[in-house]
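Some notes on the structure that comes next.
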Amino acid sequence: MSLGDHLREFRKRLIIAAIALVVGMVVSFALGDAIIWAITEPIRIVAERRGDENAVTLMFATVTSAFDLRVRIAFAVGVLISAPVWLWQIWAFLMPGLTRKEVRYTIGFVAAAVPLFFAGAFTGWLILPHLVELMAGFTPNGASNFYDAKYYYDFVFKLLIVVGVSYVTPVFLVALNLAGVMTGREIMKGWRVAIVIATVFAGAATPSADVVSMLILAGILTVLFFAAAGLSMLFDRRKSKREAALLGPIA
C-alpha cells in the first residue's frame with residue numbers, strides 16, 4: 002500500500018472507532034444516574050454508620066459541575082463499552098504489517114492483559130468503600146465531610162486504573178522477556194524487591210486496620226510476579242533448546 006492508501010485506511014478505522022465511542026458515551030450518559038449511584042455507595046455507607054445522612058455528602062461546587070461529572074463518566078465508561086470496536090480497528094490496521102510470530106504474541110498479550118486489568122479494577126472496587134471509610138474516620142466529632150464531585154470521581158477512577166494496571170504489570174515482564182530485554186532469571190532475582198513493592202502498594206491501597214485485605218492484595222500481586230518469572234524462565238528454556246538443536250549439527 003502507498004502512503005496515501007495507509008492514510009485513507011487509518012482515517013476509515015479512526016472514524017469507525019470514533020462512532021463507536023460516541024455511541025458508547027450516549028449509552029453511558031443515559032446510565033449516568035445508575036453509575037453515580039454505584040460509585041457513591043461508599044459515601045452512603047459511611048453516612049449510615051455515623052447515623053447522619055448529611056455527615057458525608059457529595060458536593061457540586063459550581064453550576065455546571067453536575068453536567069461536567071456526567072460527561073466525564075460518559076467518556077470513561079464509553080471508552081470501556083466501545084473497547085471491542087476500537088481495539089479491533091487498531092488490530093485490523095496493524096495486523097497486515099505484523100509477522101505471524103508477532104501476531105501470536107499480540108493475541109497472547111491481549112488475552113492475558115484484559116482479564117487481569119478488569120480483575121484488578123474489580124479489586125479496587127472492593128477496596129474503595131474501606132478507603133472512604135478510613136479517611137472519613139479522621140473527621141472530628143461534630144464535623145461533616147463534603148466531597149467535591151469532580152475530586153471524588155477522579156479518586157475513584159484513578160484507584161481502579163492503578164490497581165488494574167498493577168495486575169497487568171506481570172504481563173509486561175513476560176513481554177520484556179519475549180523481546181529479549183530481560184531473562185527469566187533476571188526477573189526472578191528481583192523477587193525480594195517485588196514482594197516489598199507489592200506489600201507497600203497493598204498497604205497504601207487498603208486501610209491500615211484491614212490487615213486481611215492488605216495481605217490478600219499483596220499475595221495476589223506476589224503470585225502474579227512469580228507466575229510471570231516462572232513463565233519467562235520456561236520460555237528461556239525452550240529458546241535455549243531450540244538454539245542447541247540448531248547448533249548441534251554444526252558442532
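Going from the sequence shown to the numbering used here is simple: count from 1 and add 1.
Note that beta-carbon positions come from the ideal geometry of N, C-alpha and C, so glycine has one too.
In this text, all values refer to a predicted model and were calculated from it rather than measured experimentally.
If you check the beta carbons only, do residue 70 and residue 151 fall under 9 Å apart?
-> yes
Can you pull the DSSP bridge partners for residue 236?
-> In the DSSP output, where bridge partners are listed per residue, residue 236 has none listed.
Pull up the CB-CB distance for residue 282 and residue 58, whole angstroms please, since I reckon it's below 8 Å.
-> The chain is shown from 2 up to 252; residue 282 falls before or after that span and cannot be answered.
What are the start and end residues of each continuous alpha helix (DSSP H) run of 4 or more residues lying completely inside the segment 170–220, in chain order?
-> 185–190 and 192–206
At what residues does the beta strand (DSSP E) containing residue 32 begin and finish?
-> It is not in any beta strand (DSSP E) - residue 32 carries neither H nor E in the DSSP assignment.
What number of angstroms, rounded off, separates the C-alpha of residue 220 from the C-alpha of residue 198?
-> 11 Å
Residue burial classification, residue 96 (beta-carbon count within 10 angstroms, cutoff 16) = exposed
Consult DSSP for residue 57 and reduce its assignment to one of helix, strand or coil.
-> strand
What number of angstroms, rounded off, separates the C-alpha of residue 174 from the C-alpha of residue 222?
-> 13 Å
Given residue 43 as reference, the closest of 21, 126 and 66 once Cα atoms are compared = 126
Coil, strand or helix - residue 147 by DSSP = strand
Which first and last residues belong to the alpha helix (DSSP H) in which residue 43 is found?
-> 42–51
Residue 136 to residue 47 span [Cα, whole Å] = 10 Å
Should residue 215 and residue 231 be called a contact, given that it needs their Cβ atoms to be closer than 9 Å?
-> no
Under a Cβ-count criterion, where at least 16 other Cβ atoms within 10 Å of its own Cβ denotes burial, should residue 91 be classed as buried or exposed?
-> exposed
Tell me whether residue 252 sits in a helix, a strand or coil according to DSSP, three-state version.
-> Because the pLDDT of residue 252 is 48, which lies under 50, any placement of that residue in the model is unreliable, and the question is left without a value.
Under 8 Å by Cβ, that's how I've got residue 121 and residue 165 pegged, so tell me the actual separation to the nearest angstrom.
-> 4 Å
Please look up how many angstroms separate the CB atoms of residue 114 and residue 172, rounded, as I've assumed it's under 8 Å.
-> 5 Å
Host alpha helix (DSSP H) of residue 84 (start-end) = 84–95
Mind checking whether residue 235 and residue 185 have CB atoms under 9 Å apart?
-> yes
Going by other Cβ atoms of all chains shown within 10 Å of its Cβ, with 16 needed for buried, is residue 38 buried or exposed?
-> exposed
Under a three-way DSSP split, which group does residue 163 fall into?
-> helix
Among 192, 194 and 149, which one has its Cα closest to the Cα of residue 63?
-> 149
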